[in-house]
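Engineer: Before I ask anything, here is the structure I am working with.
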Amino acid sequence: MLKNIKWKHYISYAVLAIATVVLAILSFSGALKSSSIYMLEKIAISIMLAVSLSMVVGFLGELSLGHAGFMCVGAYLGGKASVLLEPLLGEYPALIVSLLIGGALAALFGVIIGLPALRLRGDYLAIVTLAFGEIVRSVFMNTSTESFGGTLGLDTPRFDKKILFVIALVLVIGCLAVTQNLIRSKHGRAITSIRDNEIAARATGINVTKYKLVVFAISSFFAGVAGVLYSYSNYSVQSANFDYNYSIEILVMVVLGGMGSINGSIIAATLITFLDVQLQTHLTGDLAVLKDIFYALILIVLVIYNNAPALKGFREKYNIRKLFDRFKKHNPSSIKDDEAKWDRVPTKIQMDEVLSVDLQVSSPYTPDKSGKEDA
Amino acid sequence: MKLIETLISGLSMGSTYAMIALGYTMVYGIAKMLNFAHGDVIMVGGYMIFVTLSATGNPLLGLLAAVLFCVVLGVTIEKVAYKPLRGASPLAVLITAIGVSKLLQSTAQVVFGTAQKMVNVGDLGYLSWNGLTVQISTLVTLGCSMVLMVALSLFVKYTRTGRAMIAVSEDRGAAQLMGINVNKIIMITFAIGSALAAFAGLFMLMKSPSLTNTLGAMPGIKAFTAAVIGGIGSIPGAMLGGLLMGVVEAISLTVPAIAPYTDAIEFIILIVILLVRPTGILGKKRREKV
Amino acid sequence: MSDIVLKTENLGISFGGLKAVQNLDLQIKKGQLYGLVGPNGAGKTTVFNMITGVYKPTTGKFWLGEENLTGKSQEVINHKGIARTFQNIRLFNNMTVIRNVMVGLHNQPEFKCGVFTSIFRLPGHFKTEKAMRARAKEILEVVGLLEERNNLSCNLPYGKQRKLEIARALATNPKLLCLDEPAAGMNPHETADLMDIVRRIRDEFDVTILLIEHDMKFVSGLCDEITVLNFGTVLAQGTPEVALNDPEVIKAYIGG
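Chains as they are written, first to last, in the numbering used here: chain L, 40 to 414; chain F, 12 to 301; chain G, 1474 to 1729.
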C-alpha cells in the first residue's frame, strides 16, 4: 500500500510543514526579528497568490492580468469585515470569519469575471481581467472615508505578529492541498484538457463552462484570502498597491517558476519576495528601481531562452532535467500513470483563435473566404 | 457651448488615443502580438522631447528627435526581444513584452529620477469665437493627428509597402511565398507605430506638462482598450475606438458625480462591448477550423 | 423505427451565400458501419460538424434514436451519445495516453465524483480513480495501445494518434461513433489493422459507426451502406457496390 503513495507529490507539504513548525517555535521563543516576521508574512502571501494564479494560467491556460484585483476585493471587504467583527467576536473568530468573507466575495467576483472568460479567449480575456482589476481599484479609491477609507485607505485591526505569519503559512499549506488535490483528480484532467485543446474537450463532453468557473472561483478565493492576510499584515489597505503592476509581478512568479509547476511557483514566489524585501531595505531612493531593471531583464532573457524556436536544440542539449536524468537510471516503465509532463505547456492564446467568437454563435457564420470549408 | 468645448477636447484627447491605438492595432494585425511596451515608447518619446527642449528650446526639434529615437527604439525592441520569439507561444511573447515595458519604465527612472519633470512645449494661447473658448494646442493636436491618420490610411492603401502589410496580416505564410520580406514588413510596422507614439507623446505633453516614467502606462492601456473596442487589427477601428474613448472620457470628466470613476467607466464600456460583440465594432469574425 | 440510430431530415447549412450542405437525408441503422464519401470540398466534415453540434444547421433536423438533437451544444450531444474524432488530430498533447482516455470517461455515470470529493480526498475519489484507470486500460487494449499508455500522446506516431482519438471517443460510451478519415496517412498494413479494430469496436462496444474516408478500398471493404456527397448534395446512396458504380458518382470523381 505504501508503495502506491507517490512521495514526490508530498515533498512540498513536508517542506512547508517543517518550515512552519520550526519558524513557529522560533517565533514564540522570541528568536525572530520583526523584519524577518514581516518577510515571512510577505512570502506566505506571495506563495498563495502565485499558486492560485498558476491554476488559471498554467492549468486552465487562460491569462489573467487581474489577480491583484481579486486580492483587492478580499483585502477591502475582508478587512472591513474584520473591523466590524472584531469588537463583536474577539480577535481569532474575527480573523477566521473575515478570511472566509474576503475569500468568498473574491470568489464571487471570480465567477463574474469567469463568465466573460467563457466567450473570450487569450489576449481579450487578459485585457478584460486587467480592466477588472483597475475598475475595482478605482471604485475603492473613490469610496467615502467612513466606508472604505477612500484615498486614505482602510485601517484594519492589529493582530499578534508572532502568530499571524504562522496562520498565514498554515493557510498556504491549505491552499496548496486544495490546488494539488484538484489538479490531480479527474477534474484536474478535465481542466488541463481544456487547456490542451478546447474543441476536443467539448467534443469529449467536458463541461467547459463549469470548469472555467470552478477554476476562476477557487483561484480568486485564495487571492481574496491572501488579500485579507495582507490587510492584517499591513494594518491598512491602500488601493494604490493593487494596480496591474502587482498582477504582473504575480504573473512573473508563475512564469519564472515554470508554468504548470506548482512547486516551481512556490520556489519562485519565495525567492522573488525574499529578494524584493531585501533589495527594498538595502537600495534606497532612485537606486531602488535597479531591482526592477534586474527583474525585467531576468524575465525577458528567461522567456526568450525558454521559448525561442531557434534555441530549441541548445535547450534540449543543456536541459537541467536531462542533466539530472543522467544520474538516474532510465526506466520508462517507472513512469506512473498519473504523471503528466509540463515541459512544453501550450496556452490557448493563439492569434487565429483570439479573433474567433465562441463556437456556438446563434447567427449563421460567414467565413472570410467563402468556399474554403474543408470537406 | 460647454458641450461643444467638451466634445472638441474629447476629440482631441481621443485622437491622441487613436494615434497610440494605431500602433497597437498595426502590430497586432501584422506581427500577431500584443506589444505591451508600446505605451512606454510614448514615455521615452516624452523624455526625448524634454532633453532636446532643455538643450535647444525648440519643440519641433524635440519632436524630430523623439520620432527618430522612438523609431530606433521600436525597431531595436522588435529585433532583440520579439523576433527571437517568432513562432513561439504567444503567451511567451506577451510576457516578454511586459518585461520590456518594465525595463523601459525602470531605466527611465534610473536615468531621469523619480521626480516629475515639467515640460513646457510652448503656450499657443486660446481661440475665442462666439463665446466658444478652445485651447489652440487642442486644435493642433486634433488637426495633426487627423492628417497623420489620413496619411497612414493612404499609405496602407496605395503604396506597395502598405499593401504588403495587408498581405502579411492576412496570411503571413502566403505573403512570404509571394516574395514579401516579412521581417522587413514587421520592422516597418514597428517603426511606424513608434513614430506615431512619439507624436502622441508630444500631444500629451501639450495637454499636461508633467512628465514621469509612467506617462505612457495608463494611456497605453486605454489606447489598447480603444483598439480592442474598435476591433483589433483594423486601422479604421483603432481611430474610431480612440475617438470614442476620448469623447467618453471628456464627457465623464465634466460630470462631477462620475468624474472620479472615469477610468472605471471606460473599462466597463470595454467589457460590455467585448461581451456583446467580442470582435469589437469593426473587427472581423474568424473562427477555428474544426 | 427503433432500430434507426441517426436520422437526418432535410439537413443543410449555408455559410453566407454558400450552401455547404443541403437536403441531406440519412438513416443509419443500429450496428451499421455507414460511410460518407465524396471528393474534397463535398461537405463531409461539415455534416460531422452539424451532427456533433459544432455548427448549427440552418435547415432541417436530426435525431439520435427518438431524440431531436438539432441545435444542441457539443457537450450535450456528446452526453446524449454521439462521439467523434477529428480529421486534423486533436489530442490532449501534454497528457499521457491513458489520461487522454480517462478524460473521455469523465462523464460516465459510474465514475461520478464531485469537485469537493476530490479536493478533500474523500474515499470516493480513490475508488473512482482506480475504476477509471481500469476501464481506460480495457479500452486501450481494444485499440492496441495498452503498452503505450504511459507515453505522452504527442510522442506517438501518427497512426497510433488516430487510434488514440478513437479510444478517447469510445470512452464517452457513444451510441454513434463518427470517425473523420480514420485511415488518413496510414500505410496499407496499418489500414488493414484499423479495419479489424473498427469491426471489433462495433461488435464489442455495441456502437454504430459513421465514417468519412477517401480510401475506397477501406470503405467498400468495411461499410454496409454509404452516401456519396458532392457540392453538398447527395449523389448516391446504397451499398458500396451500387453507390460507387453510379454513373453520377463516377462522373464526380473522374470528371465529366
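All C-beta atoms in this analysis are idealised placements derived from N, C-alpha and C, irrespective of residue type, glycine included.
Quick caveat: nothing in here was measured; it's all calculated off a predicted structure.
Where do the ends of the alpha helix (DSSP H) carrying Ile1592 of chain G lie?
Structural biologist: In the third sequence, the residue the question calls residue 1592 of chain G occupies position 119. Where Ile1592 of chain G is concerned, the enclosing alpha helix (DSSP H) stretches over 1588 to 1592.
Engineer: Could you please give the first and the last residue of the uninterrupted beta strand (DSSP E) stretch that includes Ser1487 of chain G?
Structural biologist: Here residue 1487 of chain G refers to the residue found at position 14 when the third sequence is read from its first residue. Where Ser1487 of chain G is concerned, the enclosing beta strand (DSSP E) stretches over 1477 to 1488.
Engineer: Any contact between the region 211 to 229 of chain F and the region 49 to 60 of chain F? By contact I mean 3 or more CB pairs, one from each, below 8 Å.
Structural biologist: Contact between the region 211 to 229 of chain F and the region 49 to 60 of chain F is present, because at least three Cβ pairs lie under 8 Å.
Engineer: Using three-state DSSP, classify Lys387 of chain L as helix, strand or coil.
Structural biologist: As a first step, residue 387 of chain L must be located in the first sequence, where it is residue number 348. The pLDDT assigned to Lys387 of chain L is 34, lower than 50, so where the model puts this residue is not dependable; a value taken from the coordinates is nonetheless given after this. Coil.
Engineer: Which first and last residues belong to the alpha helix (DSSP H) in which Thr309 of chain L is found?
Structural biologist: For the purposes of this step, residue 309 of chain L is taken as residue 270 along the first sequence, with counting starting at 1. Counting along the chain, the alpha helix (DSSP H) containing Thr309 of chain L begins and ends at 301 to 321.
Engineer: Indicate whether Ala275 of chain F and Gly252 of chain F have their beta-carbon atoms separated by less than 9 Å.
Structural biologist: Counting from 1 along the second sequence, the entry for residue 275 of chain F is found at position 264. Counting from 1 along the second sequence, the entry for residue 252 of chain F is found at position 241. Contact: no.
Engineer: In chain G, what lies closer than 8 Å to Arg221 of chain L by C-beta?
Structural biologist: Within the first sequence, numbered from 1, the residue matching residue 221 of chain L stands at position 182. Note on identity: in this sequence residue 221 of chain L is Leu, with Arg being the wrong assignment. Correct list: Val1588, Ser1591, Ile1592.
Engineer: Is the Cβ of Asp315 of chain L closer than 9 Å to any Cβ of chain G?
Structural biologist: Residue numbering aside, residue 315 of chain L sits at position 276 when the first sequence is read from its first letter. Taking Cβ atoms only, chain G never reaches closer than 9 Å to Asp315 of chain L, which makes this a no.
Engineer: Any residues in the region 159 to 189 of chain L with a beta carbon nearer than 8 Å to a beta carbon of chain F? Which ones, in chain order?
Structural biologist: If the cut-off is 8 Å between Cβ atoms, the region 159 to 189 of chain L has Leu159, Gly161, Asp162, Tyr163, Ala165, Ile166, Val167, Leu169, Ala170, Phe171, Glu173, Ile174, Ser177, Val178, Met180, Asn181 near chain F.
Engineer: Please report the straight-line C-alpha distance between Arg1672 of chain G and Val1510 of chain G, rounded to a whole angstrom.
Structural biologist: For the purposes of this step, residue 1672 of chain G is identified with residue 199 of the third sequence, where counting begins at 1. For the purposes of this step, residue 1510 of chain G is identified with residue 37 of the third sequence, where counting begins at 1. Computed Cα separation, rounded: 19 Å.
Engineer: Could you give the DSSP three-state label for Leu254 of chain F: helix, strand or coil?
Structural biologist: Within the second sequence, numbered from 1, the residue matching residue 254 of chain F stands at position 243. In the structure shown, Leu254 of chain F sits in a helix (DSSP, three-state: H, G or I).
Engineer: Please report the distance separating the alpha-carbon of Val158 of chain F from that of Met30 of chain F.
Structural biologist: Numbered from its first residue, the second sequence carries residue 158 of chain F at position 147. Numbered from its first residue, the second sequence carries residue 30 of chain F at position 19. Rounded to whole angstroms, Val158 of chain F to Met30 of chain F spans 11 Å at the Cα level.
Engineer: Would you say the region 301 to 316 of chain L touches the region 95 to 109 of chain F, given that touching needs at least three Cβ pairs under 8 Å?
Structural biologist: These segments do not touch.
Engineer: Just to confirm before moving on: does the CB-CB distance between Ile76 of chain L and Phe204 of chain L stay below 9 Å?
Structural biologist: Position 37 of the first sequence holds residue 76 of chain L. Position 165 of the first sequence holds residue 204 of chain L. Yes; because the gap between Cβ atoms is below 9 Å, this pair is in contact.
Engineer: Out of curiosity, what's the CA-to-CA distance linking Ala270 of chain F and Ser263 of chain F?
Structural biologist: The residue you call residue 270 of chain F lines up with position 259 of the second sequence. The residue you call residue 263 of chain F lines up with position 252 of the second sequence. The alpha-carbon atoms of Ala270 of chain F and Ser263 of chain F are separated by roughly 5 Å.
Engineer: If we define contact as Cβ-Cβ less than 9 Å, is Ile31 of chain F a contact residue for chain L?
Structural biologist: Along the second sequence, one-based indexing puts residue 31 of chain F at 20. Answer no: the Cβ-Cβ gap between Ile31 of chain F and chain L never drops below 9 Å.
Engineer: Does any CB atom of chain L fall closer than 9 Å to the CB of Lys90 of chain F?
Structural biologist: Here residue 90 of chain F is taken as the residue at index 79 of the second sequence, counted from 1. Chain L, which has no Cβ nearer than 9 Å to the Cβ of Lys90 of chain F, makes this no.
Engineer: Under a Cβ-count criterion, where at least 16 other Cβ atoms within 10 Å of its own Cβ denotes burial, should Leu71 of chain F be classed as buried or exposed?
Structural biologist: One-based indexing of the second sequence puts residue 71 of chain F at position 60. When all chains shown are included, Leu71 of chain F counts as exposed.
Engineer: For a test of the three-state rule: what should DSSP assign to Arg1557 of chain G, helix, strand or coil?
Structural biologist: Locating residue 1557 of chain G in the third sequence gives position 84, where the first residue counts as 1. Correct three-state label for Arg1557 of chain G: strand.
Engineer: Going by DSSP in three states, Thr149 of chain F sits in which element: helix, strand or coil?
Structural biologist: Walking along the second sequence from the start, residue 149 of chain F turns up at place 138. Helix, per DSSP.
Engineer: For Asn1580 of chain G versus Asn1551 of chain G, is the C-beta spacing smaller than 9 Å?
Structural biologist: Locating residue 1580 of chain G in the third sequence gives position 107, where the first residue counts as 1. Locating residue 1551 of chain G in the third sequence gives position 78, where the first residue counts as 1. Contact flag set, yes.
Engineer: Quick one: is His321 of chain L buried, meaning 16 or more other Cβ sit within 10 Å of its Cβ, or exposed?
Structural biologist: As a working mapping, residue 321 of chain L is identified with position 282 in the first sequence. Label assigned to His321 of chain L: exposed.
Engineer: In terms of residues, what are the limits of the beta strand (DSSP E) holding Thr1681 of chain G?
Structural biologist: Position 208 of the third sequence, counting from 1, holds the residue named residue 1681 of chain G. First-last of the beta strand (DSSP E) with Thr1681 of chain G: 1681 to 1685.
Engineer: Please say whether Asp1688 of chain G and Thr1664 of chain G have beta carbons closer to each other than 9 Å?
Structural biologist: To locate residue 1664 of chain G, count along the third sequence from 1; it is residue 191. To locate residue 1688 of chain G, count along the third sequence from 1; it is residue 215. Cβ atoms of Thr1664 of chain G and Asp1688 of chain G: closer than 9 Å.
Engineer: Would the region 228 to 244 of chain F and the region 161 to 178 of chain L be scored as touching if the rule is three or more Cβ pairs under 8 Å?
Structural biologist: Because the criterion of three Cβ pairs below 8 Å is met, the region 228 to 244 of chain F and the region 161 to 178 of chain L touch.
Engineer: Shortest alpha-carbon distance to Lys1517 of chain G belongs to which of G:Ile1685, G:Ala1556, G:Phe1535?
Structural biologist: On the third sequence, position 44 is the one that residue 1517 of chain G refers to. Considering only alpha carbons, the answer is G:Ile1685.
Engineer: By DSSP's criteria, Lys1492 of chain G is part of a beta bridge. Which residues make up the other side?
Structural biologist: Here the question's residue 1492 of chain G lines up with position 19 in the third sequence. Lys1492 of chain G pairs with G:Ser1487.
Engineer: Can you give the beta carbon distance from Gly257 of chain F to Met24 of chain F, rounded, assuming they're within the 8 Å contact cut?
Structural biologist: Locating residue 257 of chain F in the second sequence gives position 246, counting from the first residue. Locating residue 24 of chain F in the second sequence gives position 13, counting from the first residue. Yes, they are in contact, since the Cβ atoms of Gly257 of chain F and Met24 of chain F sit about 4 Å apart, within 8 Å.
Engineer: Along the alpha helix (DSSP H) that carries Thr107 of chain F, what are the first and last residues, could you check?
Structural biologist: Here residue 107 of chain F is taken as the residue at index 96 of the second sequence, counted from 1. 101 to 123 is the span of the alpha helix (DSSP H), which, as asked, contains Thr107 of chain F.
Engineer: Could you check how far apart the C-beta atoms of Phe47 of chain F and Ala108 of chain F are, in whole angstroms? I think they sit under 8 Å.
Structural biologist: Mapped onto the second sequence, residue 47 of chain F falls at position 36. Mapped onto the second sequence, residue 108 of chain F falls at position 97. Yes, they are in contact, since the Cβ atoms of Phe47 of chain F and Ala108 of chain F sit about 4 Å apart, within 8 Å.
Engineer: Can you look up His1666 of chain G in the DSSP assignment and give me helix, strand or coil?
Structural biologist: By 1-based counting over the third sequence, the position of residue 1666 of chain G is 193. The question names His, yet the displayed sequence has Asp at residue 1666 of chain G. Reduced to three states, the DSSP call for Asp1666 of chain G is helix.
Engineer: Measuring straight from C-alpha to C-alpha, what distance separates Ser66 of chain L and Leu55 of chain L?
Structural biologist: Indexing the first sequence from 1 puts residue 66 of chain L at position 27. Indexing the first sequence from 1 puts residue 55 of chain L at position 16. When rounded, the distance between both Cα atoms is 16 Å.
Engineer: Please classify Lys1690 of chain G: is it buried, with 16 or more other beta-carbons within 10 angstroms of its beta-carbon, or exposed?
Structural biologist: For this step, residue 1690 of chain G is matched to residue 217 along the third sequence. It counts as exposed.
Engineer: For Ile196 of chain F and chain L, any beta-carbon pair shorter than 9 Å?
Structural biologist: Taking the second sequence and counting its residues from 1, one reaches residue 196 of chain F at position 185. For Ile196 of chain F, the answer is no, since every Cβ of chain L falls outside 9 Å of its Cβ.
Engineer: For Asn246 of chain L, would you say it is in contact with chain G, using Cβ-to-Cβ distances shorter than 9 Å as the test?
Structural biologist: Here residue 246 of chain L refers to the residue found at position 207 of the first sequence. Closer than 9 Å: yes.
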